[in-house]
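Here is the structure we will look at.
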Ligand code: CTP
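Residue numbers (my numbering): 117 to 528.
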């Protein structure tokens, strides 16, 4: 049910922490791998040694521990997980999460993560019913944090009511249901292009562009998180290879096209790469030299030829055409008009139009404002992180295929 899923279990200081070794055992039995983080409070109820023994991994407890940071680094702890599960989640932890307080490893991870977060609250009934806690829960739900429980029943404090942590088996089942609901692209194959292409002039010089690959890589990860089998074809970028994605590194536009063609057939293609439109007609075999004996000082004249248009190629009708082809339009003026023209010219299904004029900081930056343009309309998305853009696009793609399963009539 949880085959291959990587769960980062955050154990906070409630009496229900004594159930977490059993929770870890059941998560592993369901196919997940589990890494644990504990708060100081949690250590009063269950020892790191116990959780380390059942998880078969080191347990992380301290953000200021040089050993912990050296071995893993708190950002990597989240990066290497598919989901963060907080169980038990105390009222105090819920309050910190709701208000962005990061005063230990657990809460710092929760503030820094971009992965889905599920929480299994556990506390006294009156703490659970308190307006402060209920307001915090509503805030967290509005931010797409998923609540598991709490259940009703006898409590360790001798009272009866809502506030018991859900049983480990129910938490595992909720996690399974969560992954099923978030994997609408299971069984679908996706190709994503990302980053710049690099076009050689001679063995040491090249023509390239400022694309960082952040948007394309984030899209590959978001599609993977929704269950797709993703091939990411990327030009040279300074980014870590996304886990669980088939990464193919290329340099030139022609290499990119060859890698994309080799990855076909696919259901989805998203072309986020900033492909060089032109390349030098014939790359010099040897480094071009200055030659002052010539009239023009040996300044070379470069003859350019057009590169293959990968997006247009993918959009051509035919047996290998992906069901959904999405392009990007990097524009510096009249963004929507240019995007509409590009949609028609390239024959793709959707265009994510974005303004890349220098003052927006989009190229190389972490945020983007996208307008999703299709033949039936435009969706104006807010300015948000490239990861959030990626998630919104992946969700949009997920809905497209869910609709495709239920009807032939699809609209953007
Ligand atoms: N694209 C592509 N192959 C190319 C050029 C562009 O696959 N040789 C794709 C990009 O990945 C993007 C879309 O086409 O999805 C639009 O790229 P963009 O650079 O905005 O437009 P161009 O087609 O290059 O047109 P122009 O530079 O004139 O705006």
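Glycine included, each C-beta is placed from N, C-alpha and C at the ideal position.
(message) Alpha carbons only, please: which of 333, 498, 295 is nearest the one belonging to residue 347?
(response) If we check each option's Cα against that of residue 347, 333 comes out closest.
(request) Drop a sphere of 10 angstroms on the beta-carbon of residue 254, count the other beta-carbons inside from all chains shown, and report buried for 16 or more, exposed for fewer. (result) Exposed: under 16 other Cβ atoms inside 10 Å.
(request) Return helix, strand or coil for residue 281, following the three-state DSSP convention. (result) DSSP places residue 281 in coil when its eight states are reduced to three.
(request) Using the Cα positions of residue 234 and residue 181, report the straight-line distance between them to the nearest angstrom. (result) Taking the straight line joining both Cα atoms gives about 26 Å.
(message) Let me make sure I understand the geometry here. Which of 426, 479, 481, 486 has the alpha-carbon closest to that of residue 461?
(response) Nearest option by C-alpha distance: 426.
(message) Can you tell me whether residue 322 is helix, strand or coil according to DSSP?
(response) In the three-state reduction of the DSSP assignment, residue 322 falls in the strand class.
(message) Using DSSP's beta-bridge definition, name the partner residues of residue 345.
(response) DSSP output for residue 345 lists 305 as bridge partner(s).
(message) According to DSSP, residue 372 sits in a beta bridge with which residue or residues?
(response) Paired residues: none, contrary to the question.
(message) If you measure between the beta carbons of residue 227 and residue 124, is that distance less than 8 Å?
(response) Taking the C-beta atoms as reference points, residue 124 is found no nearer than 8 Å to residue 227.
(request) Pick out the complete beta strand (DSSP E) segments inside the stretch 187 to 256, 3 residues or longer, and give them in chain order. (result) Segments of the beta strand (DSSP E) lying fully in the stretch 187 to 256: 199 to 205, 233 to 237.
(message) I want to check one thing, is the minimum distance from the CB of residue 391 to the heavy atoms of the ligand CTP below 7 Å?
(response) At least one heavy atom of the ligand CTP is nearer than 7 Å to the Cβ of residue 391, so yes.
(message) What I want to know is whether the C-beta of residue 444 ends up closer than 7 Å to one or more non-hydrogen atoms of the ligand CTP.
(response) Because some heavy atom of the ligand CTP lies under 7 Å away, the Cβ of residue 444 counts as near it: yes.
(message) If you measure between the beta carbons of residue 201 and residue 153, is that distance less than 8 Å?
(response) Result no, Cβ atoms of residue 201 and residue 153 do not sit closer than 8 Å.
(message) Please determine whether the Cβ atom of residue 369 lies at a distance below 7 Å from any heavy atom of the ligand CTP.
(response) True, at least one ligand heavy atom lies under 7 Å from that Cβ.
(message) Given a cut-off of 8 Å on the beta-carbon distance, is the pair residue 513 and residue 430 in contact?
(response) Result no, Cβ atoms of residue 513 and residue 430 do not sit closer than 8 Å.
(message) Would residue 252 and residue 293 be called neighbours here (beta carbons separated by less than 8 Å)?
(response) Residue 293 is positioned such that its CB atom lies no closer than 8 Å to that of residue 252.
(request) Mind checking who residue 314 pairs with in its DSSP beta bridge? (result) Paired residues: none, contrary to the question.
(request) Answer yes or no: the CB of residue 423 versus the heavy atoms of the ligand CTP, is any distance below 7 Å? (result) Using a cutoff of 7 Å, the CB of residue 423 counts as near the ligand CTP, since one of the ligand's heavy atoms is closer than that.
(message) I need the DSSP call for residue 526, collapsed to helix, strand or coil.
(response) Note that residue 526 has pLDDT 47, beneath the 50 cutoff, so the model's placement of it is unreliable and no number is given.
(request) Evaluate the contact criterion for the stretch 256 to 270 versus the stretch 300 to 309: three or more CB pairs, one atom per stretch, below 8 Å. (result) Using a C-beta cut-off of 8 Å, the stretch 256 to 270 makes no contact with the stretch 300 to 309, since fewer than three inter-stretch Cβ pairs fall below that distance.
(message) Using C-beta distances below 8 Å, list every residue in its chain close to residue 477, excluding the 5 sequence neighbours before and after it, in chain order.
(response) Excluding the 5 residues flanking it on each side, residue 477 has same chain C-beta neighbours closer than 8 Å at 483, in chain order.
(request) On a CA-only basis, which of 303, 139, 151, 167 is nearest residue 521? Give me that one, please. (result) Ranking 303, 139, 151, 167 by Cα distance to residue 521 puts 303 first.
(request) Using 10 angstroms around the beta-carbon of residue 262, count the other beta-carbons present and answer buried if the total reaches 16, otherwise exposed. (result) With 16 or more Cβ atoms within 10 Å of its Cβ, residue 262 is classed as buried.
(message) Can you look up residue 170 in the DSSP assignment and give me helix, strand or coil?
(response) Here residue 170 sits in helix by DSSP.
(message) On a Cα-Cα basis, can you pick out the residue from 351, 480, 191, 360 that is closest to residue 373?
(response) Out of 351, 480, 191, 360, 351 has the C-alpha closest to the C-alpha of residue 373.
(message) If we require 3 or more residues per run, which beta strand (DSSP E) segments fall completely within the stretch 425 to 502?
(response) Those beta strand (DSSP E) runs which fall completely within the stretch 425 to 502 and span 3+ residues are 440 to 447, 466 to 471, 483 to 490, 494 to 501.
(request) To the nearest angstrom, report how far apart residue 415 and residue 395 are at their CA atoms. (result) Roughly 18 Å separates the two Cα atoms.
(request) Report all residues from its chain with a CB closer than 6 Å to the CB of residue 312; omit the five preceding and five following residues, and keep chain order. (result) In its chain, beyond the 5 residues on either side, 324, 325, 327, 351, 390 have a beta carbon closer than 6 Å to the beta carbon of residue 312.
(request) Can you give me the start and stop residues for the alpha helix (DSSP H) that residue 144 sits inside? (result) Taken as a continuous stretch (DSSP letters only), the alpha helix (DSSP H) holding residue 144 covers 136 to 145.
(request) Give the DSSP-derived three-state secondary structure of residue 327 in the structure shown. (result) Residue 327 falls in the coil class under three-state DSSP.
(request) Rounded to whole angstroms, what's the CA-CA distance from residue 528 to residue 505? Just pull it up for me. (result) Annotation note: pLDDT 48 at residue 528 (below 50); position unreliable, coordinate value reported separately. Each residue's alpha carbon lies about 16 Å from the other.
(request) Within the same chain, show all residues whose beta-carbon is closer than 8 Å to that of residue 210, passing over the 5 residues directly before and after it, in chain order. (result) 235, 237, 249, 252, 253, 256.
(request) Quick one: residues in its chain with C-beta nearer than 6 Å to the C-beta of residue 362, no 5 flanking neighbours on either side, listed in chain order? (result) The residues are 347.
(message) On the DSSP letters alone, give me the boundaries of the beta strand (DSSP E) that residue 122 sits inside.
(response) Boundaries of the beta strand (DSSP E) harbouring residue 122: 122 to 127, taken from the DSSP string.
(message) Comparing C-alpha positions only, which one of 511, 516, 510, 481 sits nearest to residue 499?
(response) Distance from the Cα of residue 499 is smallest, within the candidate group 511, 516, 510, 481, for 481.
(message) According to DSSP, is residue 270 part of a helix, a strand, or is it coil?
(response) Secondary structure of residue 270 (DSSP, three-state): strand.
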